[in-house]
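Protein chains in written order, with the working numbering: chain B, 1 to 116; chain R, 1001 to 1054; chain F, 2001 to 2837; chain L, 3001 to 3072.
The C-beta atom is built at its ideal place from N, Cα and C for all residues, glycine as well.
All remarks here apply to the structure that follows.
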């Protein structure tokens, strides 16, 4: 995969992230937003982020999931992505839902769907 | 069926008798104001909670 | 007895002694102004959330969906279709008139709403869907509407339109949010205005409309009567552009007439009070006059300005409000108050105060990163006061003073002022400025007019008369108000998170927050043998980050006229009315771009620490430093303290680090002249922060200056690190004075905290003036002051209800202390309080 | 390290790092993951100093003498 192809995948991941969570409305038990390896995006509000472990060619929604640990750029995912099949999922012990402090991508999950 | 033109809050437009403004008094937790929304005179007012017959 | 009742018993003098200026203001302003001030729904966010009760406005989205569906049967050119959407909104939106108001108009539908334009971008739309507090009641139903709007506009927004026009690698880096802000499109950012065209009383909307219609007629004649040649080809687009402009101006005039009609109806059918009836009739008369015809009075002039701004904010999400209100409204004040005596001074101040309030209540839904970066305010409405006329003479007038008096009465955090200081400014004006600062407003900031005029000529080649018209395009950057000199859209994407430059030296360009290779793949820092190699890597990362941001903004500017035209802004700009080209077309502009440099000073302090402790003293190796930074200093606390306390820090008049700062700036200045904007002009750096230092705190990793991931970055511009400027105020000024404020960059923000008790009374004013003299002698271009004590700020933290009205200077703007996050509050308290005199 | 509010025990890294009290001191704010209290922590000795409530500022005064940095 060329660098441009990789980036296209990243972009697709980001843009599709804007559609999926709202459309399904069913929150899986294990989601990326509750994983300690997940970092919310710098813009954060739209609910996208990236994984510290998995790299760009990964696909945790595939069956079986594809894991890339070698590429440079991180795997782009989203707060509400179903991570049930991901072998690297690690439940966070502390999730910060306070929206009045400033973004801390490692802990912050201030979106409405994460409030319950 | 009630129409906006029959309501006390409806003020007909000088350009067209079929159009007008719905003017309502609103008091929110910080301020009081009058708000105005353009409406067609024949708009159904049957669902409107603020309808007051002229 | 309640606290309020107890306060009512206290005299103004007692409250003044206690420096509780907010209660002084409440007691001394008129009842009308007091009502209007308390009526404001504050639209700034605390951290990432809006204040309770503030709700997102769904009306624009619904009306736009309606007009979009209707438009699909027509084959209108894009620019005309867009103008029709906006016109449909202005014709059909909800309008309101607040009790006691004499100035009218709001960007949204109701006072407590923040305007949302879902045609702007999917990212913003999804954010609104995800918002945990701002969805209007009834929430379940509103969420469905928001979802419907998100679905409807998906794939049809500006964002969808522009994204494919960019290089994919660059756009992904920008969209990561790690080094720059937002999307480079001409409907988000800061719109300057051609005030010389619009606000000098020579013309208003109807005059422009007549001219446009004539242009259309002439072009139409040429198309149909000239021999067909390629020469007439561009006339088709021009006619479309002119026609879209006429649609906007006509809609604007109709919109004002709606207010006139409402005010007249209220006066005639609702209002029993005769004084209020007269006021409403005057509102009606005012809105019948402006914006169609030029204003005749101060009220009409302020109302005209308000309409101009609100229409522009309907067309675009504007994060700034470039304005020079005393200069353009001053003649009306002179006529009404001094010559014809139609208004008393107090009545005029009330009107001006209301004008500030109308601006303060404006709110457009901002994405989370903007809310965090501009905590407590909707945008940086930094209004420019004072300065010189085009011939160089003093431009201060009675309205300059009235604005500052009004500001102390209404005490809004936004808009704020910046005063163009020059050697001829009268003491009376400086005294008013000092009083505002002493009353804790944090504004006006003081700008060095001669330095900045020279700077504008140096960097962008503005002729001197044009340069002298300058106002603040946003917090800091000067931009003229002339036909070719004004900047129609400053895209905020060229706002660099500069601390990433030094961070990437140690990560070889990899960004650990967004997990992407962002910067240049520079050499392994563990192998650096001397400081020159560090500097080389720093230069490469600097060029990589700035180059990225400039590339995308250049591309955005070049494509803007086609991808997201601005028919309204074009209609009020001489260059577009004349040429029939979109106002953002780079060929029409002199070009005065700049890169805003957030989190800048960390670079100098970090480089100095590496030079001193690794290469000069050889106390640590690069390997050890890299290990410590990778561990975020965890387990290396003693070493971290060494890097903070035993390396020279900027702001102490120490050449060791000051020379590094100057080297960094000159290296950027070199690159600034190599990069060019689409108009062919330079891209200078402007270090300043707003509250980006807090927003980015969790995105910038450990640095050699001793900060860890999560620590607030320094408060911005060229301000020394909080608590690190230990040698007093003159040392700070001397460090800053080593920078050439004309040639080393576009402007340089300097925050200073002063003691309110030390500067009390006449003696305080004298001391402050002496301080400013040193500042001016050293050639600094900017300084702004916080003059609220630690004691008050801590009391406000523990009892926020009691201190709702305390205002602080954050960076290029002010905010109510209770409207900023705890971390931002602490960062302000950490700043050194300088004793002067 | 033990949280003085709820008794939770973990190494210092188990407490969420918030931000420094001031950059030139070995004091930082951390948050207890169990009770969410904000603690001022001595980073060097890895000991909690105090729970930090609204209006409390563990860093004391800003640079200079008596809260004022004079020219020197």
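- Within chain R, no C-beta atom comes less than 7 Å from the C-beta of residue 2136 of chain F; the nearest is roughly 12 Å away.
- The Cβ of residue 70 of chain B sits no closer than 9 Å to any Cβ of chain F.
- Within 9 Å of the CB of residue 2650 of chain F, no CB atom of chain B is found; the nearest one sits about 24 Å away.
- In this structure, residue 2781 of chain F sits away from residue 2464 of chain F, with a CB-CB distance that is not shorter than 9 Å.
- Against chain L, the CB of residue 94 of chain B has a partner CB under 9 Å away; the residue lies at that interface.
- Counting of Cβ neighbours within 10 angstroms places residue 2715 of chain F among the buried residues, the total reaching 16 or more.
- Against chain F, a Cβ distance below 7 Å from residue 1037 of chain R picks out 2094.
- Your pair residue 2117 of chain F and residue 2060 of chain F checks out as a contact, with CB atoms roughly 5 Å apart and the cut at 8 Å.
- Put simply, the CB of residue 2561 of chain F is far from chain B, with every gap to its CB atoms at 9 Å or more.
- The closest CA to that of residue 2354 of chain F, considering only F:2038, F:2429, F:2593, F:2400, is found on F:2038.
- Taking 9 Å as the cut-off, the Cβ atoms of residue 2216 of chain F and residue 2196 of chain F do not count as close.
- Runs of beta strand (DSSP E) with 3 or more residues, each lying fully within the region 2664-2737 of chain F, are found at 2685-2687, listed in chain order.
- When beta bridges are read from the DSSP output, residue 40 of chain B appears opposite B:49.
- Judged by their CB atoms, residue 2283 of chain F and residue 2497 of chain F are not nearer to each other than the 9 Å cut-off.
- Between residue 2122 of chain F and residue 2155 of chain F, the C-beta spacing is below 9 Å.
- Of all residues in the region 2807-2831 of chain F, those with a C-beta nearer than 9 Å to a C-beta of chain L are 2822, 2823, 2826, 2827, 2829, 2830, 2831, reading in chain order.
- The Cβ of residue 1010 of chain R sits no closer than 9 Å to any Cβ of chain F.
- Ranked by Cα distance from residue 112 of chain B, the options B:6, B:42, B:80 are led by B:80.
- Under the DSSP definition of a beta bridge, residue 2445 of chain F partners with F:2418.
- Taking every protein chain shown into account, the CB of residue 2481 of chain F has 16 or more other CB atoms within 10 angstroms, so this residue is buried.
- Under the Cβ distance rule, residue 3016 of chain L counts among the residues neighbouring chain B, one pair being separated by less than 9 Å.
- Residue 3048 of chain L has a beta carbon lying at 9 Å or more from every beta carbon in chain B.
- Burial check for residue 2234 of chain F: the Cβ neighbour count within 10 Å stays below 16, so the residue is exposed.
- In this chain, residue 3042 of chain L is not harboured by any alpha helix (DSSP H); it is covered by the beta strand (DSSP E) spanning 3038-3042.
- In this structure, F:2238 is the residue among F:2052, F:2041, F:2238 with its C-alpha nearest to the C-alpha of residue 2581 of chain F.
- In this structure the region 2766-2784 of chain F lies against the region 2439-2449 of chain F, because at least three pairs of beta carbons, one per stretch, are closer than 8 Å.
- Counting only the Cα atoms, residue 2366 of chain F lies some 8 Å from residue 2378 of chain F.
- Out of F:2703, F:2140, F:2830, the CA that lies nearest to the CA of residue 2600 of chain F is found in F:2703.
- In the three-state reduction of the DSSP assignment, residue 2175 of chain F falls in the helix class, which pools H, G and I.
- Taking 9 Å as the Cβ-Cβ cut-off, the region 2016-2039 of chain F approaches chain R at 2035, 2036, 2038, 2039, given in chain order.
- Any Cβ of chain B closer than 9 Å to the Cβ of residue 3031 of chain L would place that residue at the interface, and such an atom is present.
- Out of F:2108, F:2819, F:2611, F:2809, the CA that lies nearest to the CA of residue 2705 of chain F is found in F:2611.
- In this structure, DSSP gives residue 2625 of chain F a helical state, which the three-state scheme calls helix.
- Taking the beta carbon of residue 2645 of chain F as reference, the chain L residues within 7 Å of it are 3024, listed in sequence order.
- Beyond the five residues adjoining it in sequence on each side, residue 2797 of chain F comes within less than 7 Å, by CB distance, of 2825 in the same chain, given in chain order.
- Cα atoms of residue 2181 of chain F and residue 2170 of chain F: separation of roughly 13 Å, rounded to the nearest angstrom.
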